[in-house]
Amino acid sequence: MHSTCMQNLFVAGTDTTLIMVEWAMAELIRHPDTLKQAQEELDTIVGRERLISESHLPRLTFLSAVIKDTFRLHPSTPLLLLRMATEECETAGYRIPKGTELLVNVWGIAHDPALWPDSLEFRPAWFLPGGSHADVDVKGGDFGLIPFGAGRRICAGLSRGIRMVAVTTATLVHSFNWELPAGQTPDMEGTFSLLLQLAVPLMVHPVPRLLPSAYQIA
Numbered sequence: 099m100h101s102t103c104m105q106n107l108f109v110a111g112t113d114t115t116l117i118m119v120e121w122a123m124a125e126l127i128r129h130p131d132t133l134k135q136a137q138e139e140l141d142t143i144v145g146r147e148r149l150i151s152e153s154h155l156p157r158l159t160f161l162s163a164v165i166k167d168t169f170r171l172h173p174s175t176p177l178l179l180l181r182m183a184t185e186e187c188e189t190a191g192y193r194i195p196k197g198t199e200l201l202v203n204v205w206g207i208a209h210d211p212a213l214w215p216d217s218l219e220f221r222p223a224w225f226l227p228g229g230s231h232a233d234v235d236v237k238g239g240d241f242g243l244i245p246f247g248a249g250r251r252i253c254a255g256l257s258r259g260i261r262m263v264a265v266t267t268a269t270l271v272h273s274f275n276w277e278l279p280a281g282q283t284p285d286m287e288g289t290f291s292l293l294l295q296l297a298v299p300l301m302v303h304p305v306p307r308l309l310p311s312a313y314q315i316a
């Protein structure tokens, strides 16, 4: 059952939730110390005798930071859908005529070195208590990180999307250790289109790490 589940999970297709989970797992596997820290937090909050539930999420501070930096580093929608300027305006020294169609470069904003030094590095510590971006969220209130957009046109599925990515990633991190095929490392090259996906799907082997009873379905 586990191998079939993992195969279905990582064939991400065009589903943005699965794309984000795949990016999060790729980053964690690339950074074993970060993965270990996430697992230690989950073992403390959840234990090894049961699976994670959505009710645990508010207490998973480190996991939340991991998810935030995944959304920053690898936004599944790098360009927001077309907007139209309803009035003439000026921004950053550019005159925008009324009726101009505009794209918001979410990826560019989240990699702006003025906001995010070493912006290409995976750094969840930014979002931890005491970190430089501890109060930043991904819900459209902080314009330096808007993977779901902002304002009236913000993604309607924002809350559900964040929860699904967090729960799925936490379940995988908590339930299994992860092994790459011998001699391989995750290929972090992405493909840019309407969606930002891993160019080469992540291939890993899950190894159960919880008590056997935790995997039993009632």
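Start counting at 1 in the sequence shown, then tack on 98, and there's your number in my numbering.
Heads up, the beta-carbon is just placed ideally off N, CA and C, and yes, glycines get one too.
Shown here, PHE160 sits in a helix according to DSSP, grouped into three states.
The beta carbons of THR267 and ILE143 sit no closer together than 8 Å. For GLN135, the enclosing alpha helix (DSSP H) stretches over residues 130 to 143.
Uninterrupted beta strand (DSSP E) stretches at least 3 residues long and entirely within the region 212 to 283 occur at 274 to 277, given in chain order. PHE225 is positioned such that its CB atom lies closer than 8 Å to that of ALA163. Residue state for THR168 is assigned as helix, using DSSP reduced to three classes. Relative to the Cα of SER174, the nearest Cα in the group THR159, PHE246, THR198 belongs to PHE246.
Scanning GLY206, ARG181, VAL204 for the CA closest to the CA of ILE194 turns up ARG181. Of all C-beta pairs linking the region 197 to 217 to the region 273 to 286, fewer than three are shorter than 8 Å, placing the two stretches out of contact.
For HIS303, the beta-bridge partners assigned by DSSP are GLU277. For ILE194, the uninterrupted beta strand (DSSP E) run begins and ends at 192 to 194, by DSSP. ASN203 is the residue among ASN203, VAL271, LEU300, PRO227 whose C-alpha sits nearest the C-alpha of ARG170. Here PRO222 is buried, its C-beta having at least 16 other C-beta atoms within 10 Å. In this structure, ILE207 is the residue among LYS134, ILE207, ASP131 with its C-alpha nearest to the C-alpha of HIS172. The region 112 to 130 and the region 182 to 190 do not touch, with fewer than 3 CB-CB distances between them shorter than 8 Å.
DSSP places MET118 in the helix class (H, G or I) of the three-state scheme. One alpha carbon belongs to LYS237, the other to PRO227, and they sit about 18 Å apart.
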